[in-house]
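Step one of this worksheet: look at the structure below.
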Amino acid sequence: MTRTTPPRPLDVASVFPELAGMARTATRLHPRPGAPTVRESSVGGPLLWPAGESWASCSLEHDAPFKLNTPEEVRTLRRIRAREDWTDEDHAEVSRIYAGHDPSLLPDGPHPLIPVAQLYARDVPGLPFPEGTDLLQVLWCPFVDLEYREGSEAVQLRWRRAADVADALAAAPEPAYVGTYELVPVPCVLHPERIREYPAAHDLYPALADRIARWEKDASADYRDDLSVAQGWKAGG
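So for the sequence shown, this note's numbering puts the first residue at 18; every next one is plus one.
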């Protein structure tokens with residue numbers, strides 16, 4: 018299935034020529050729920066992981082201020098919430114899952130990381146893969162506020178040459194519990210699309226950002242929503 022970004026309502030670089038040198042090409046991933054395999058690019062899908070290689074883990078000390086859930090409970094909750102009609106059993110199961118488990122049950126680390134994305138070079142042209150690699154894998158820890166753990170082992174990358182993985186791991190280990198169910202991605206297949214982007218307004222020089230803001234008052238397009246950064250999952254840009 019082809020997913021496309023609506024055409025830009027105008028070429029903003031023709032109005033503000035200094036933006037031309039700031040343009041970047043990105044690949045919108047357009048993830049949609051599905052059943053990707055290890056030989057496909059995906060979000061939240063299985064990784065082409067060598068059977069003999071230790072799984073990525075996080076040994077950081079984790080505070081769990083909220084109730085815990087198991088990964089399977091997260092998946093169960095999503096299946097129930099996708100239904101139009103709930104049974105009494107569904108309501109009871111949702112209540113039980115929302116009640117969660119006591120944070121004291123969180124075992125000592127290290128905790129297995131959760132697959133976030135797998136990108137083959139063929140699907141994201143222009144992404145700067147290290148020489149000799151054609152596969153990028155991204156994993157993260159579902160216990161932490163990732164925004165404040167930048168550069169830590171809570172988020173890890175693996176660059177691989179897919180042809181080198183002859184014997185792939187059959188099933189990835191999962192953490193016993195997760196502290197943030199939003200960080201457990203739904204398995205999705207991708208529909209890559211090449212797009213052109215300009216920097217977000219807050220990344221521009223103040224004088225240019227101010228000019229664009231004044232221009233927007235009389236323009237038929239909004240720089241943030243219509244002309245600059247594409248929304249959704251993407252690589253590059």
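By construction, the Cβ of each residue, glycine as well, lies at the ideal position given by its N, Cα and C atoms. These numbers were taken from a predicted model, which means no experiment stands behind them.
{"Asked": "Length of the line joining the Cα atoms of Asp239 and Ala180", "Found": "45 Å"}
{"Asked": "Three-state class that DSSP yields for Glu191 in the structure shown", "Found": "coil"}
{"Asked": "Tyr198 versus Val32 - alpha carbon distance", "Found": "43 Å"}
{"Asked": "Same chain, Cβ closer than 8 Å to Pro159, neighbours up to 5 away in sequence not counted", "Found": "Ile131, Pro192, Val195, Gly196, Thr197, Tyr198, Leu200 and Val201"}
{"Asked": "Segment limits, beta strand (DSSP E) that includes Val172", "Found": "Val172 to Arg177"}
{"Asked": "Burial state of Thr42, where buried means 16 or more other Cβ atoms lie within 10 Å", "Found": "exposed"}
{"Asked": "Local Cβ density within 10 Å of Thr44, reported as buried at 16 or more and exposed below that", "Found": "buried"}
{"Asked": "Nearest neighbour of Pro216, chosen from Arg178, Ala30 and Glu90 [CA to CA]", "Found": "Ala30"}
{"Asked": "Straight-line gap, Ala73 to Gln173 (C-alpha atoms, nearest Å)", "Found": "8 Å"}
{"Asked": "Ser74 - DSSP class collapsed to helix/strand/coil", "Found": "strand"}
{"Asked": "CB contact flag (Pro127, Cys75, <8 Å)", "Found": "yes"}
{"Asked": "First and last residue of the uninterrupted beta strand (DSSP E) at Tyr137", "Found": "Ile131 to Tyr137"}
{"Asked": "Classification of Pro50 by the beta-carbon crowding that lies within 10 angstroms, buried from 16 upward", "Found": "exposed"}
{"Asked": "Local conformation of Pro142 per DSSP, three classes", "Found": "coil"}
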